[in-house]
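A.B. asks: Sharing a structure with you now.
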Amino acid sequence: MAPSAPADSSLAAARHRLRAWMLEGLADMAKHHPGPHAGPQSAHRGQRWWRVMCLTGVDYFSTLGYQPGIAALAAGLLSPIATIVLVIVTLAGALPVYRRVAKESPYGQGSIAMLERLLSFWKGKLFVLTLLGFAATDFLITITLSAADAATHLVENPHVSSALHNQQLVITLILVALLGAVFLKGFLEAIGVAIVLVGIYLALNAVVVAVGLWHVLTAPHVIPDWSHALTTEHGNVLAMVGVALLVFPKLALGLSGFETGVAVMPHIEGDPDDTEARPTGRIRGAKKLLTTAAVIMSVFLIITSFITTLLIPEDAFKPGGTANGRALAYLAHEYLGSAFGTVYDISTIAILWFAGASAMAGLLNLMPQYLPRYGMAPHWARAVRPMVLVFTLVAFLVTWIFNADVDAQGGAYATGVLVLISSAAIAVTIAARRARERGWSIGFAVISVVFLYTTIANVIERPDGVKIGACFIAGIILLSFLSRVARAFELRVTSVVLDDMAERFIRDIAHRKVRFIANEPDQRDLAEYRDKLQQICTDNDLPAGDDFIFIEVTVGDPSEFESELRVRGEVMHGRYRVLCLESSTISNALAALLLHVRDVTGAQPHIYFEWTEGNPFAQFLRFFLFGQGEVAPVTREVLREAEPDRARRPRVHVG
């Protein structure tokens with residue numbers, strides 16, 4: 001058996017290296033901001049706003065690959081007018097909303113953080129988990145839809161269409177896997193890659209747009225034929241606008257990119273005197289990013305919807321048609337030749353594939369800021385690589401379920417986008433009202449109504465989107481609560497801070513036997529402390545003259561998971577020393593204090609409890625939901641997990 005020992009050692013070493021590699025560091029996009037007292041150097045590191053715009057732009061600008069085709073399918077000849085409505089909503093609605101979100105939440109959490117501050121207890125956590133479900137829908141469908149559309153461009157290229165026929169699902173899965181591989185290796189150069197892709201893609205689109213406009217303007221019959229057909233079909237301008245408003249919800253994909261824009265805010269450099277409490281330069285850069293991206297996209301959307309509607313036959317937009325999901329690529333091949341069309345296809349495939357990188361960045365920034373803090377994800381959820389694997393596997397599943405169909409995923413994508421924009425509009429409305437900005441309050445309220453109508457109309461028209469979103473929400477809530485149960489007995493206190501009186505109590509008792517009595521504060525009168533001390537001494541056969549310190553824990557918000565523990569010392573009725581704590585759970589706070597006392601005094605503390613009456617399962621639910629329950633055995637279990645060495649573990653006594 002001896003020869004197997006080196007092999008076992010080598011295998012163990014390999015496993016250790018793999019684990020270290022998987023958990024290497026925390027995600028840069030998932031770090032909590034250092035807080036309001038951070039120094040001036042903590043907030044201005046990053047990239048120029050226009051460079052970061054390219055990172056979010058690979059998502060936003062890449063929608064040009066499929067948005068004109070979606071608009072043509074939804075609105076037909078009215079596509080340009082419907083797109084103008086979309087642009088008005090973008091510039092007058094979504095843009096002001098997200099400029100305000102950037103001001104109110106400059107750390108990348110977006111509107112979810114703004115709404116989180118309005119609600120506490122479990123209802124706040126459930127509300128945030130619901131919004132995270134829709135955010136996951138938005139970002140994950142961005143990955144799968146963009147990869148599917150990239151595969152469509154590749155399969156429809158005339159040079160390879162025969163060889164890759166019916167291979168769209170396989171190609172999409174390969175593209176998703178490659179995206180995951182990029183993040184597993186590291187994502188430090190993402191912004192540089194994004195700048196190149198966005199620059200080339202927008203330049204090629206400018207060429208296609210210029211050539212398309214030239215053909216529209218030089219063909220004398222195109223515009224009159226379109227105008228005549230519009231008048232024949234819809235009668236007058238008011239009817240056209242009315243129909244355009246009705247089909248607007250179907251064009252909601254063109255609003256994507258704003259949530260990603262605020263998600264990448266931590267990467268924008270600020271001014272040299274910025275602090276995390278006042279990142280003025282970062283906020284200003286984010287506003288420039290959002291405005292510039294929205295204006296560029298709006299111009300392209302209007303022109304591309306116009307030329308594609310006038311120059312491409314209606315049947316080509318339908319499923320199976322040569323322009324389905326690739327309207328501008330169709331024009332590139334048609335008017336600029338196969339060589340240019342192939343270059344355009346390659347550029348479109350690259351940016352659509354990398355659009356998933358922007359969405360992955362959003363996921364890696366958003367999820368770790370909430371779930372681990374709620375105790376609703378394992379510790380490794382703060383590391384990049386494990387989360388990349390999770391998101392990649394989910395993207396595989398979504399791609400397989402939808403069979404890599406771009407049109408089939410549009411409803412789910414639009415639902416996720418619209419729910420997040422609606423929540424952002426509501427959040428900034430509340431923020432403006434609290435700031436007593438009457439004009440902005442009314443304006444944001446109107447915008448909220450528009451987006452709520454759009455969301456409801458989209459859900460009614462395409463209920464599959466909300467069904468997919470509900471699946472994500474149910475999955476996140478289920479896994480979150482299972483994780484919370486599994487981590488229930490962790491030591492959740494990040495640090496212990498004692499005031500001067502509390503430190504004096506600990507110094508005094510350190511020279512004798514360190515004994516604490518856990519007391520549930522009630523009237524806090526003389527009789528309460530006298531009777532409690534007598535009961536503990538009787539139950540544990542202790543001399544009444546022994547030195548004791550009472551510990552009282554007040555439960556704050558039991559839905560919180562991690563927090564700092566502040567300890568305040570008091571002398572009650574001139575003779576009883578009391579340590580007062582406030583925490584989300586009693587047991588975890590007591591365990592943290594006992595371990596802290598052991599570490600600072602070198603003595604082994606003892607704590608004394610009375611048994612709590614009631615059903616054990618009901619008591620566990622009280623502990624899980626309200627931070628109370630059967631305190632003594634839970635305190636002992638928290639200590640057992642935190643300190644495996646029984647000889648060093650504080651002693652728990654129950655009478």
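Numbered according to the numbering used here, the sequence shown spans residues 1 to 655.
Yeah, the Cβ is synthetic: ideal placement off N, Cα and C, and Gly gets one too.
(1) DSSP state of H228, grouped into three classes?
(2) Going by Cα to Cα distance, which pick from K467, L498, A424, I549 is closest to V97?
(3) Quick one, are the C-beta atoms of L140 and A395 less than 7 Å apart?
(4) Candidates T612, A181, S305: which alpha carbon is nearest V634's?
(5) Have a look at F659 and K532 and give me their C-alpha separation to the nearest angstrom.
(6) For the candidate residues T142, D525, R577, R326, whose alpha-carbon lies nearest to that of V155?
(7) According to DSSP, is A534 part of a helix, a strand, or is it coil?
(8) Run through DSSP, which three-state label would Y689 get?
(9) Q167 by DSSP, collapsed to three states: which one?
(10) Determine the closest residue to H514 out of I607, V196, G356, with distance taken between C-alpha atoms.
(11) May I have the straight-line CA-CA distance separating R282 from L418, to the nearest angstrom?
(12) So, A404 versus S146, is the Cβ gap smaller than 7 Å?
(13) Could you tell me how far apart the beta carbons of L289 and V496 are, in whole angstroms, since I believe they sit closer than 8 Å?
(14) So if DSSP puts Y608 in a beta bridge, which residue, or which two residues, is it bridged to?
(15) Do A82 and A75 have their C-beta atoms closer together than 7 Å?
(16) So what does DSSP say about I312, is it helix, strand or coil?
(17) Do the CB positions of G362 and T260 come within less than 7 Å of each other?
(18) For G411, which of T137, T63, Q47 has the nearest alpha-carbon?
(19) Where does L371 sit, in a helix, a strand or coil, going by DSSP?
(20) Whole angstroms are fine: how far does the CA of K467 sit from the CA of M572?
(21) From F444 to T429, what distance separates their C-alpha atoms?
(22) Looking at the secondary structure, which residues open and close the beta strand (DSSP E) in which Y60 lies?
(23) Mark S338 as exposed unless 16 or more other C-beta atoms lie within 10 angstroms of its C-beta, in which case mark it buried.
(24) Which stretch, first to last residue, makes up the beta strand (DSSP E) that contains T275?
(25) Quick one, which of F561, T130, M501 has its alpha-carbon nearest I477's?
(26) Whole-angstrom Cβ separation of L115 and A294, contact assumed at under 8 Å?
(27) Can N588 and V638 be called in contact, C-beta distance under 7 Å?
(28) Could you check how far apart the C-beta atoms of V85 and A244 are, in whole angstroms? I think they sit under 8 Å.
(29) Along the chain, where does the beta strand (DSSP E) that runs through T494 open and close?
(30) Output yes or no for whether 7 Å exceeds the beta carbon distance between S448 and F121.
(31) Alpha carbon to alpha carbon, what distance is there between W214 and G133?
(32) Nearest to L175 by CA position, among T144, H165, A329, is which residue?
(33) For the alpha helix (DSSP H) containing R99, list its first residue and its last residue.
(34) Buried or exposed, going by whether 16 or more other CB atoms sit within 10 Å of the CB of M1?
(35) Going by the DSSP bridge assignment, what does Y576 pair with across the sheet?
(36) When the Cα of G469 is compared with those of G416, M367, E552, E570, which residue comes out closest?
C.D. replies: In terms of the structure at hand:
(1) helix
(2) A424
(3) yes
(4) T612
(5) What the structure shows of the chain is the stretch from 1 to 655, and residue 659 is not part of that stretch, so it cannot be assessed.
(6) R326
(7) Per the sequence presented here, residue 534 reads as Gln, with Ala not at that position. Reduced to three states, the DSSP call for Q534 is helix.
(8) The structure shown does not extend to residue 689, since the chain is modelled only from 1 to 655, so the question has no answer here.
(9) coil
(10) According to the sequence as given, residue 514 is Val; it is not His. Selected option, being the one with the closest Cα: I607.
(11) 26 Å
(12) no
(13) With a Cβ gap of about 41 Å, L289 and V496 do not count as contacting.
(14) I517, H653
(15) yes
(16) coil
(17) yes
(18) T137
(19) coil
(20) 58 Å
(21) 5 Å
(22) From DSSP, Y60 is part of no beta strand (DSSP E) but of the alpha helix (DSSP H) over 49–60.
(23) exposed
(24) First-last for T275: undefined, no H or E at that position.
(25) T130
(26) L115 to A294, Cβ: 23 Å. No contact.
(27) yes
(28) 5 Å
(29) 493–498
(30) no
(31) 45 Å
(32) T144
(33) 95–104
(34) Note that M1 has pLDDT 47, beneath the 50 cutoff, so the model's placement of it is unreliable and no number is given.
(35) M572
(36) G416
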